[in-house]
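Chains as they are written, first to last, in this note's numbering: chain A, 36 to 344; chain B, 1332 to 1691; chain C, 29 to 581; chain D, 1237 to 1538. Contents: one structure, followed by commentary.
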Amino acid sequence: MAEIFVENEKAYKRRRLISNIVTFGFLSLVAIGILIPFYWMILTSLKSIQEIESVPPILWLNFSDWKITNYTDLFLTVQSGERAGEPLFPFFTYMKNTVLISFLTTLGTIITTILAAFAFARLNFKGKDTLFAVLLATMMVPGEIFILTNFLTINQFGWYDILTQTYTEAVLAMTIPFMISVFYVFYLRQTFRKIPDELYFAAKVDGTSDFKYLLKIMIPIAMPTIVTIIILNSMGAWSAYIWPAMVTTQDKYRLVSNGLRGAFTDTTGRTDYGQQMAAATLVTVPLIILFFTFRKQIMRGVGRSGIKG
Amino acid sequence: MEIKMENLTKVFVAKDKSEVRAVDNVSLTIPSGKLIGLLGPSGCGKSTTLYLLAGLLRQNDGKIYFEEDEVSNTPPEKRGIGLVFQNYALYPHMTVRENILFPLQNLKVEAELAKQKTVEMARLVGLESMLDRKPKELSGGQQQRVAIARALVKTPRVLLLDEPLSNLDARLRLQTREEIKRIQRETQITTVFVTHDQEEAMSISDEIVVMKDGVIQQMGAPQDVYDDPSNLFVAKFLGNPQINVFDGVIKGKKIYINDMVVGKSKLPDGEVLIGIRPEGFIVDQEKKSPFKFNIDLVSTIGRDTTLIVDLPSESDNILDKKSFKAIVDAMLRIQSGDEIHFIVRPEKMFLFNMEGERLE
Amino acid sequence: MKKFVLLLVTFVIALAFAGCVNVGTTASTTAGTQETTTLQLAEELPDEEVEITFWHIYGTDKTALLDQMIAEFEAMYPNVTITDTSQTDYNTLREKINMGISVDQVPTMALGYPDHFAGYIEADAVLKLDDYINNTTEYEITNSSSSIFGETVTIGLDLDDFVASYLEENSQYEGGYYYSLPFSKSTETMAVNVDVLKAHLTEIRAAGITISDNGFLSHDVPLTYAQIEALADIIVDTNGTNTTTSKCEYLLNYDSSGNMFINMSRQWNAPYTNTDGEILIDNDTTKSMLQYVQDLFLNNTLALPIAWDQSYGSTNFKYGDVCMSVGSTAGVNYNIPTDADTQENLQFGQFQVDFVPVPQFVATEGDSFTVSIDGTDSTFTGSLSAVQQGPNIGIFSSASSAEKLYAWLFLKYLIETDNTAKWAMNTGYLPARLSSYSSEAAIDLTASYSTNYADFLQIAKDFWDADGEVTWATTDVRWNYLYSSMVANIAQSQNTYYQYDPAFAAGTNSAGSATARVEAGYCLENIYIGTLASGSSYNPNTALNTMLNQLTW
Amino acid sequence: MEKRNNLKAWLYLAPLLILMGIFIFYPLINAFYISILEEYRPLAPGGATATGYTLSNFARILNDELFWQAIKNTFVVAFISVPISILISLVIAVSLNSIPKLKALYQTVFFLPYVTNAIAIGMAFAFMFHKDYGLINLMLSWLGIDPVNWVGNVATWWAQMGALLVYTIWGGLAFKILVFTSGLQNIDKQYYDAAKIDSASKWTVFRRITVPLLSPFILYISITSMIGALKAYRTVIGLFGERLGAQQNSMITIVAYVYKYRSAYQDVSAISYAASAAIILFFITVVFSLIQGVVSRKRVHY
C-alpha cells in the first residue's frame, strides 16, 4: 500500500502552479519556435542590406527604422522587354491567377466529389467495394509518377500550345487534372453515411428523385464538411508550383509559388534576402488572412479529416 | 476506516457565471467497515460528494478525514481509495488482467505478488476464466465486476461506487447487488455507494444517506430512515410505490383529511401535510371507518393488491395529486367500483408541516 | 479480377487520348542523314504577313537593345512581326523547346548552346543553315513602304568574317553542317587586384614575373600556373585577409568550376569528351590534374565561390578576400569596387582592377610543363586554351518557308558587323565577327557618347599605355567603358586559342555534354569541399568516380 | 437494402472516374510501361519511339550513386522527422489538453505552419540558418555554441540534414497537433479519473492510457506522415533551392531525383529513369504502408 501523502493547502496550490508554469512555459516555448520563422521573415523584409548583413543579427527594428523599399522594389516597373510595364514581381497577376485556379479547381473537385461520395454512400451497385478500395489505393501512389504522362496528355488536348496558348487553355491545363480528390470523396462519404437511412426512405416515399434528395437533403446536412473541403482545397493552389510551371507557356499565367522560385538575386548572383523575404511575406500574408477569417472551420475541418479520414 | 466530512462545500460555476452549490456544507461521518448508500435524485450532489471523497474534484471549503488523516488536499492517487465508475471506465485497450494489474503496477507492487493478487481478485469476482479478454468482449455485469476487482485489488482504505448498477438490466442488477454486498462483507472495506435508486440503496446498504440539493437530509439504517423519515422529501423519496401525501388538519388532537378522521395526534391545531405509506392502509371490513373512497383501479400482483383511488373532484385539495395508492391483501378480492373504508396504521403515517418538516 | 478489368478498360480509354509509343527494333533517329537538298527559294521575297517568334533568355538590361534591333528589322520588312520572348534561363528555354518539338510547337528561332542544338538535331527539329549560307539568291526590295526600298538583299553569308573557333563550334555536329550561328560570345578573363600586386613589386619581380611600376601585369602574355604558384607564396595569407601586409586569404577565384575542369583538361591535353559522346575522363592525366588542383585548393592558391556561399566570386574579389578572379567577360563590372558597395566590406578600399588573360600552363602550344603533385614532379605536354562560351542562334525547321527565310534574314541582321559591335559594347559580350573589331560604324552608346569598336578597344589600350595614370576627368565617359574595353582586348588576345567543348546529346549509356559540364563542375566543387569540410569524404579519386558514375552507366 | 441501380451509380461516378482514368490510372500504367521501354524517346519527331522492352532502366537507377544518396536522405528524413514530430506533437497535444485557458490561442499559433507556403517559409528558414546573418547561430552563441555552417556550401551533410529536419519537423507539427488534440477530445475523461484513482503517474498515464487510446490516430498520422516524408521535396527546394543541397544534390530526395530526370527528358531514356525511380518510390511507399498496416493490427488497440 502506498504511503499516504498529505499536503497542506499551500503545497497543493504550489504544485498546481508549478505544473501550470511548466505546461505554459513549454507551450509558449513551442509557440515562439513556431512564430520565429514568420517574425524573422517579416523582420528581414523590413531591413536594409546593411542591417541584414550585420553580425550579430539585429533582432528588433523600431518602427521608424522599417524599410519598405524591399516591398516597393518588387513593384518597380520593368522598363522594357516582354514584360515592359509590368512589376518586377507581378504579385497581383499571380494572385489573380492563384485565386482563379483555386476557385475553379475547388468547384470542379466539389462537383465530382459530391457526386461520387453520394454514389458510394447511398447507391448500391455492383463492384462498389472493389472500386472504392481501388480508389483508396491510388492515394498511396506518389503523384510524381503521373506528371510526365499528364503533361503529354495536356498536350494532346491542345492546351499546351507553346506559341499560342491562351489564358483559357492555361487555366484548363492547371485545373482539370486537379478536379479529383479521392481523399475528399472518402471524407464526404463518411459524412453522408451518417445521415440516417430513414430520411432517404421518407424522401423516396414522397417520390423525391435521388438527385433532388442529394441536392435538397444531403448537401445541406453535409454542408460543414463541404465547406471544410472547399477551404482545404482552395489552399492547395497556394503551394502548387511544379505543374503550373510545366503547363504554362508564359510567366503571366503562373501562380504565386512560381513567382518565388525565380529567387531574388542581385546582379552578382548574391541572394537579395530583403526582397526575397518581402516576396515571401507577400505570398504568406493572404493565406494567413484567409486562415484567420475561417480559423474555426479550417481547424475543425483539418482536425476532423485526420480522425479516421 | 472511518470517513469524516466536515462542512464540505463544492460550488460549480457555469459558463454564464451562475453558481450551483452541488455540495453544500455537508458534514457526515461514515463508520468504518460499513457499506453506505448515498442516495438522492439526480443532481442532488451525491456523485459530487463521492468525487470529493475520491479527490477527483476539489472542495471549495471543508475538510475530509480518513480516520485521523486529513486528505482534503491529497491527490486521488494518494488517498488509497478504489472507485468504480458509473460506466466502469475499464481501459478498453487492456485485458481484464491488465486492467486489474494496472493499479498494482502503479504502486510498484512486486510483480509476482501483483500477479497473484490479480488472480485472487478475479476469483473473488468470479472472472478467473475471463482474465485475457478485452472489456468489450465481456457482458455488462462482467465488466462491472472487473471494475470492482480493479478498485479492490490494491486493498483500498475506501471503496467508492458511482451508480455501479445503472447500466445493467434488471436481472443482472439484482444479482450484482448481491455480489457487491457479498464482496463488501468479505473484504470489510468501508464502502460508499452512490445511487438514485432507493430500492437498491435500501437493499444493499448498512446505512443510507439521503441527499437533496447538496444537503444531507437524513442518515441511518435503511429501515430506520424508511420508518422514520425526517422530512417529507425523505419520506417521498423512499418507498415504492411512493408515499401518499394529503393535506390535512389537526383539530382537537385529531387528524382530519377532508373532514374524515384518520388518526390522533398530540400536536396543536393547524394545517399539516400527512404522509401515508401505501401499505399503511388497512381495509376496514366492518366499514366503520369514516375514511372511505370508491376504488377506481385494482391491480393484483401476487399477494398484494394495489388500489388506485381517484379523488372526487370536490376533494381536490386533499392530496398533492389526483389519486393515491394503497396496498392491501390480495385475499380481499376488491374490485373497482367498490366502496372501501380505510383504517390508517399510525406507524405508517407521518405528519409534516407545510414546509415539509416532520412534526412530533 | 474485376478491378483489373476496370483498370484495363481505363487504360484502353486513356490510350485513345494520348499518343502511343512506337516500339520498334531500330531507333528512328535521322540526325545527319537528311539529304543535302539545295534550297529552293521563292522568286520574290514573300510579302505575306509573317510572324517570327524568337526565344531568348535576356533580362531587361539586354532586351532594350534587342528590341531596338527588332524594331529596325521590322521597319525594313513591314510584313514581318517579330515576337521575342525571354524564357528567363537556359534550362527553361531548352526544356520548353524540347517539349515543343514533341508536339510540333517550337518558336521560329531561338538562342541556344551547342548541346541544346545537338538535342534538337537529334529530334530533327532544327534547320540546316548551310542552305542559306551558301545561297546566292538576291532579292530586290520592292515593297514600297520598306525603309530599304530599292536595295538588294543577299541571302548568303560570308563565313570568313567569323572567328574560326566559333565556326567550328557551330559546325561540330554530325555531317559538319551549320545548325546555328554565333551570336553573343564570351570568354573568361582574370580580374586582378592591382593595389595588392603593387605592394609586392619587388618580390613579384624577383619571382620573374613582368609587372609595371603601378602593378599591371602583361596583357598579352598569360601568367603560367607556375607563376600563379609563385604569386601565391607572395600574397596569400591563409589566416585571412591581411590589409596591413596587403595579402589576401586566397589568391585566385575561379567562378565556373565546370569551365575550369574542361579548360584545364585541354591545357593538360587530358581527354574529356568527344563529339561522339564518349566520356573519356577516366584517365591518368585527368587524375593527376585533379590531384594538382587539390594541392592548389589546399594551399589557398585556388578557391571556388562556394568558399563564400556564392555563385560568383566577384563580390569577394571586391571585398579583398581573393586577389584574382577568373570569370566570364560578360560579368566584368561586378568585379569593380564602387561607391555603391558597403564601404566597410571593402578591405582594400576601392582598389584598381585590371584584367589579364586566363592562366596557362605553357607559353606555346605543345610545350611541356612540370608540376609538383604531392611533392613529386611530373611532366606533361600542354596546350594553350581559353574557354569560349556564349549562345548561338538557330532556326527551327517546322516553320513555313517564308518564316524561315525572314528568320534567316533576321539572324543575319543580328550578326551584322555593326550590330555585333554594338551588341558587344552594350552587353560585355564579344563580337562574333572579325570585321566588328574594325567596324567603322560609330554607335551611340549613350545619348552623348558615340564610338566605333576600334575606338572602344582603344580606351583600355590608352589606359594601359599610361600605366593607369591617365589624365581623364572623372566625368569622362571613357571610365564607363574602361573595363569592358579591357576584357574585349583580353578576349581578342585569347582568340587564337579559344576552345569549345564538344556538344552531344545523351546516349543510351552516357549523359549529354550539358550534363558532363555540370558534373565536371560538381567534381571540382566536391574536391574543394573535401579540402574545406572535415565531414566530406571527397578526394580527387572519389570525386572523379562520382562524376563517372553520373555520366556513364 | 435498396435495389441495385447500377447505371445510375455509374452516372454519378462518371465525372470522377473519367478524370481519374485520364489523369491517374492511365499515367500510372503508362509509368510502368515507360519504365520498361528501351531507348525511349518521347520527343522523337512523329511520335515517341522505343527500341524494345528492358529492365535496364531499373538497373541504371540502382547503379546510380545519386539514387542511393536520394534513398539515404529520404530515409533519414522520414525515420528521424516522423517519430520526433509525432512525439513532440503528442506532448504538445497532451499539454494543450491539460490547460484550462488560452487553449484556442495556442492551438491557432501551432496551426499556422499548416497554412503557409512551403517555399516561402523554406526561404525564411534558409535565411535563419545562414551562418553569419542567421538567427539560429545567434541563439546557439547565447548557449556558448560555436556557429555552425548549416546550409552554406561547405556545410557538412549532418548540418544540412539538421536544418532540413528542423524545417520538416516545424512544418509537420501543425497537422499532427490538431489531429491529436481532436483525438484527445474523443477520449472519455473517465479513463483519466480512473487512472488517477489507480495511482498512475503522469508518465504512466501518458504511456499506458493516452498513447494506447490515441493509437488509431497515431497510426493514421504515422502512415500519412511517413508517406509524406518519403515524398519530401518542397522542403528541400525551399531550404536549398534548385541545388538541392549545400553541395549539389547533397540533400537530394527520391522525388527530387524523379524530377531531375523529368527535366532532362530530351535525353534518351531519361523519362524511363524518372518513371523507374517513381515506381521504386511507389513500391517503397506500398511496403511502408503494409508494414504499418500489419503493425496496426498488432498494436492498435481498438
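Beta carbons are placed, not taken as given, at the ideal position from N, Cα and C, and that holds for glycine.
So what does DSSP say about residue i, is it helix, strand or coil?
i, result
"Asn-1293(D)", "helix"
"Met-258(A)", "helix"
"Leu-1628(B)", "strand"
"Asp-95(C)", "helix"
"Thr-580(C)", "strand"
"Ala-1480(B)", "helix"
"Lys-1679(B)", "helix"
"Lys-1543(B)", "strand"
"His-144(C)", "helix"
"Gly-377(C)", "coil"
"Ser-353(C)", "strand"
"Lys-1619(B)", "coil"
"Ala-154(A)", "helix"
Which residues in chain E sit within 7 Å of residue i, going by Cβ to Cβ distance?
i, result
"Gly-193(A)", "Of the chains in the structure shown, none is chain E; the protein chains are A, B, C and D."
Closer than 8 Å to a non-hydrogen atom of the ligand MN - does that hold for the CB of residue i?
i, result
"Pro-299(C)", "As for the ligand MN, it is missing from this structure, which has no ligand bound."
Quick one: Cα of residue i to Cα of residue j, how far?
i, j, result
"Ala-238(A)", "Pro-231(A)", "12 Å"
"Ala-1385(B)", "Met-1375(D)", "47 Å"
"Asn-163(C)", "Arg-506(C)", "42 Å"
"Gln-200(C)", "Leu-135(A)", "48 Å"
"Ser-467(C)", "Phe-244(C)", "29 Å"
"Ala-66(A)", "Tyr-1342(D)", "7 Å"
"Ser-396(C)", "Gln-295(C)", "11 Å"
"Ala-460(C)", "Leu-142(A)", "55 Å"
"Met-1680(B)", "Glu-1688(B)", "14 Å"
"Ser-1435(D)", "Leu-1438(B)", "7 Å"
"Trp-83(C)", "Thr-111(C)", "8 Å"
"Ser-538(C)", "Ala-1506(D)", "11 Å"
"Asn-1241(D)", "Phe-153(A)", "13 Å"
"Tyr-105(C)", "Ile-98(C)", "10 Å"
With respect to the alpha helix (DSSP H) encompassing residue i, which residues constitute its N-terminal and C-terminal limits?
i, result
"Ser-130(C)", "118-130"
"Tyr-194(C)", "192-198"
"Gly-1408(D)", "1393-1421"
"Lys-432(C)", "429-442"
Please return the same chain residues whose Cβ sits closer than 8 Å to the Cβ of residue i, not counting the five positions on each side in sequence.
i, result
"Ser-1667(B)", "Ile-1626, Asp-1627, Leu-1628 and Val-1629"
"Ser-1654(B)", "Asp-1627, Ile-1639, Val-1640, Asp-1641 and Leu-1642"
Leaving aside the five residues before and after residue i along the sequence, list all residues of the same chain whose C-beta is less than 7 Å from its C-beta, in chain order.
i, result
"Ala-1395(D)", "Val-1384, Asn-1385 and Trp-1386"
Which stretch, first to last residue, makes up the beta strand (DSSP E) that contains residue i?
i, result
"Asp-1660(B)", "1654-1660"
For residue i, which residues in the same chain have their Cβ closer than 6 Å to its Cβ, ignoring the five residues on either side in sequence?
i, result
"Leu-417(C)", "The residue asked about is misnamed: residue 417(C) is Gln in this sequence, not Leu. Taken in chain order, the residues that qualify are Ser-214."
"Asp-159(C)", "Leu-67"
"Thr-407(C)", "Ser-396 and Thr-398"
Residues, ordered as in the chain, of the segment 1342-1357 of chain D that lie near chain A by beta-carbon distance below 9 Å: Tyr-1342, Gln-1343, Thr-1344, Val-1345, Phe-1346, Phe-1347, Leu-1348, Pro-1349, Tyr-1350, Val-1351, Thr-1352, Asn-1353, Ala-1354, Ile-1355, Ala-1356 and Ile-1357
Members of the segment 1264-1280 of chain D that neighbour chain C once the beta carbon cut-off is set at 9 Å: Leu-1264, Ile-1265, Asn-1266, Tyr-1269, Ile-1270, Leu-1273, Glu-1274, Glu-1275, Tyr-1276, Arg-1277, Pro-1278, Leu-1279 and Ala-1280
Residues, ordered as in the chain, of the segment 239-264 of chain A that lie near chain D by beta-carbon distance below 7 Å: Asp-245
Within 9 Å of chain B by C-beta, residues of the segment 1444-1478 of chain D in sequence order: Arg-1444, Ile-1445, Pro-1448, Leu-1449 and Ser-1451
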